[in-house]
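Q: Sharing a structure with you now.
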Amino acid sequence: MLDIKAIRKDFPILSRQVYGKPLVYLDNAATSQKPTSVIKALTEYYEEYNSNIHRGVHALSMEATDRYEEARQKCAGFIGSPIAENLIMVRNTTEAINLVAQSWAQHNIGPGDEILTTHMEHHSNLVPWQKVAKDRGAELKFIPLTSEQTLDLSDLDRLLTSRTKLVALNHMSNVLGTINPVKELGQAAHRVGARILIDGAQSVPHLKVDVKDLDCDFLAFSGHKMLAPTGIGVLYVKQEVLEDMEPFLRGGEMVKQVWDDHATWNDLPMRFEAGTPNIADAIAMGAAIDYLEALGMENVRQHEISITEYALNAFQELEEVTVFGPRDMSQRGGIVSFYGGDVHPHDIGTMLDREGIAIRTGHHCAMPLMNKLAVPATARASFYIYNTEEEVDLLVSALKATLRYFSKA
Ligand code: PMP
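Written as structure tokens, this is what we have:
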């Protein structure tokens, strides 16, 4: 069990007010808040050992290098990777997926091949594959959705064939909260000789993700959704695949030797980290992982199951509101997307904001999914370790008042 009261004290921003009301932060799927230990790791780096890494012989540089590599080790441990060299530090999930598209897919996918994805992807895990498919003469295929917005796998044998080279899907939908059966899909992909890429942007911050257990080829995630700063993310690549990948960006740090007309590549993972990396934010991501591990990811998940169930029950009082995603908590995370009858989600978001309640409204970078749901946008509340049932109550009563207001308008 998480001690939410104690946790809230670790997040300075949670004590601020918005329009004179206590902040109720329910936009965690967009980005999470940061605990003092993460903020401190940033200031410590700049105040005490700021320097460039991997190239200096002086004390500060060696200290910074050690801390940066220690952060990589922590990320590896967090996702169950046996070795840290399989992790490439990037800016975010989007960059991680683009790296795979450029460095692996453009060389391993050819005319007539197929990429299998789903109708519930974030644009970050769709638009790069549209480009690969176009450039390489390959075809994009989609796993459709059931009426409860889970993946409809009834036709998988037809969709996943010897022509499929890559299955690319999210572990948890940022709109629906649906948790997808990525392990089973990985096994199915491997049976036909395809690779699997898991977009872990929403899963890694909220549940125990183990790359060994999932046996995935690629896993992408962002630090900023898991208590770390913006500008740092991770791409995990299975060893045998990583050795087969072309460099992404070219320049300093990623080379071993350079002549006038050619160069040889550095060891892994530096080969994929051209230029000065985001040292401070990587180190602060290590502090974020320390924080989450001290809580225990099982406890994080349990808290989210409990608060989401509470919210789903409370939403049942709102007859005119449609809530998307599966009802079974084993298949969903702490995201509740909804559509409030005739009231546009932006109007709902604006009214709730006046009460100090931060939710997200819009297409959530998932326009094809909005088309499938037949809505222009949704309103979305998303929970994390510091959210309370009292905050859900505030959300529901503000929502009731908003719907009442618009029904009279
Ligand atoms: N995939 C999913 C499922 C996401 O929720 C997000 C962020 N909303 C992304 C990818 C992209 O993450 P980032 O903006 O950090 O690159």
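Residues 3 to 411 (the numbering used here) are what the sequence shown spells out, left to right.
Cβ coordinates follow ideal geometry from the N, Cα and C atoms, glycine included.
Answer yes if the region 117-136 comes into contact with the region 260-270, meaning at least three C-beta pairs across the two stretches below 8 Å, and no otherwise.
A: The answer is no - the region 117-136 does not touch the region 260-270, with fewer than three Cβ pairs under 8 Å.
Q: Alpha carbon to alpha carbon, what distance is there between Gly336 and Thr310?
A: 5 Å
Q: Relative to the C-alpha of Pro24, which candidate in Ala73, Ala31, Pro14, Thr33 has its C-alpha closest?
A: Pro14
Q: When you measure from the CB of Ala8 to every non-hydrogen atom of the ligand PMP, does any distance come out below 7 Å?
A: no
Q: Report the CB separation of Gly253 from Ala284 in whole angstroms; it is logged as a contact under 8 Å.
A: Wrong, their Cβ atoms sit about 19 Å apart, outside the cutoff.
Q: Could you tell me the boundaries of the beta strand (DSSP E) in which Leu237 lies?
A: Annotation for Leu237: the continuous beta strand (DSSP E) segment containing it runs 235-239.
Q: Spatial neighbours of Lys374 within its chain, please: CB distance less than 7 Å, with the 5 preceding and 5 following residues excluded, ordered by chain position.
A: Hits under 7 Å: His121, Leu147.
Q: Looking at the secondary structure, which residues open and close the alpha helix (DSSP H) in which Thr324 lies?
A: Unbroken run through Thr324 is the beta strand (DSSP E), 323-325; no alpha helix (DSSP H).
Q: Asp319 and Leu405 look like a contact to me (Cβ under 8 Å); what is the Cβ gap, rounded to whole Å?
A: Rather than Asp, the amino acid found at residue 319 in this sequence is Glu. Wrong, their Cβ atoms sit about 11 Å apart, outside the cutoff.
Q: DSSP on Ala222, reduced to helix/strand/coil?
A: In this structure, DSSP gives Ala222 an extended state, which the three-state scheme calls strand.
Q: Count the other CB atoms, across all protein chains shown, that sit within 10 Å of the CB of Asn280; report buried if there are 16 or more and exposed otherwise.
A: buried
Q: Please list, in chain order, all residues of the same chain as Glu391 whose beta carbon is under 6 Å from its beta carbon, the five residues on each side excluded.
A: Tyr312
Q: Can you tell me the Cβ-Cβ gap for Gly235 and Arg93, rounded? I've got them flagged as a contact below 8 Å.
A: 6 Å
Q: Can you pull the DSSP bridge partners for Ile145?
A: Thr120
Q: Identify the residues that DSSP records as bridge partners of Thr180: which are they?
A: Thr180 is bridged by DSSP to Arg334.
Q: Can you tell me whether Cys218 sits near the ligand PMP, meaning its C-beta is under 7 Å from at least one heavy atom of the ligand?
A: no
Q: Taking 7 Å as the limit between beta carbons, can you name the residues of its chain near Arg273, skipping five residues before and five after?
A: Pro249, Met256, Trp267
Q: Near the ligand GTP, which residues have their beta-carbon closer than 5 Å to a heavy atom?
A: You won't find the ligand GTP in this model; what it holds is the ligand PMP.
Q: Excluding the 5 residues flanking Thr96 on each side, which residues of the same chain have their C-beta closer than 7 Å to its C-beta?
A: Ser126
Q: For Ala170, I'd like the list of residues in its chain whose CB is within less than 7 Å of its CB, leaving aside the five on either flank, ordered along the chain.
A: Correct list, in chain order: Ile117, Thr119, Asn127, Trp131, Leu199.
Q: Going by CA-CA distance only, name the one from Ile307, His348, Ala383, Asn389 that's closest to Val377.
A: Closest option to Val377, Cα to Cα, is His348.
Q: For Ser308, write down the residues that DSSP places opposite it in a beta bridge.
A: For Ser308, no pairing in a beta bridge is given by DSSP.
Q: How should Lys410 be labelled, buried or exposed, when 16 other C-beta atoms within 10 angstroms of its C-beta is the threshold for buried?
A: It is exposed - the Cβ of Lys410 has fewer than 16 other Cβ atoms within 10 Å.
Q: For Asn100, which of helix, strand or coil comes out of DSSP?
A: helix
Q: Please identify the residue among Phe385, Ala289, Ala31, His173 whose C-alpha is closest to the C-alpha of Lys210.
A: Checking every option, the nearest Cα to that of Lys210 belongs to His173.
Q: Please go through the same chain and pick out, in chain order, the residues whose beta-carbon is closer than 6 Å to the beta-carbon of Arg356, but skip the five residues on each side of it.
A: Tyr21
Q: Can you tell me whether DSSP reads Lys258 as helix, strand or coil?
A: Under the three-state reduction of DSSP, Lys258 is assigned to strand.
Q: Ends of the beta strand (DSSP E) at Trp267?
A: Per DSSP, Trp267 belongs to the beta strand (DSSP E) from 265-267.
Q: Roughly how many angstroms separate the alpha carbons of Cys367 and Pro271, rounded to a whole number?
A: Distance from the CA atom of Cys367 to the CA atom of Pro271, rounded to whole angstroms, is 30 Å.
Q: Just checking my contact of Val302 with His208 at CB under 8 Å: how many whole Å lie between their CB atoms?
A: 6 Å
Q: Compare the beta carbon distance of Pro370 and Gln151 with 8 Å and say whether it is the shorter of the two.
A: no
Q: Specify whether the region 186-205 and the region 151-163 touch according to this definition: at least 3 beta carbon pairs, one from each stretch, less than 8 Å apart.
A: With the cut-off at 8 Å, the region 186-205 and the region 151-163 touch.
Q: Judging by CA-CA distance, which residue of Ala290, Arg165, Leu28 is the nearest neighbour of Gly195?
A: Arg165
Q: Looking at Leu44 and Tyr51, is the spacing between their C-beta atoms short of 8 Å?
A: The Cβ atoms of Tyr51 and Leu44 lie no closer than 8 Å to each other.
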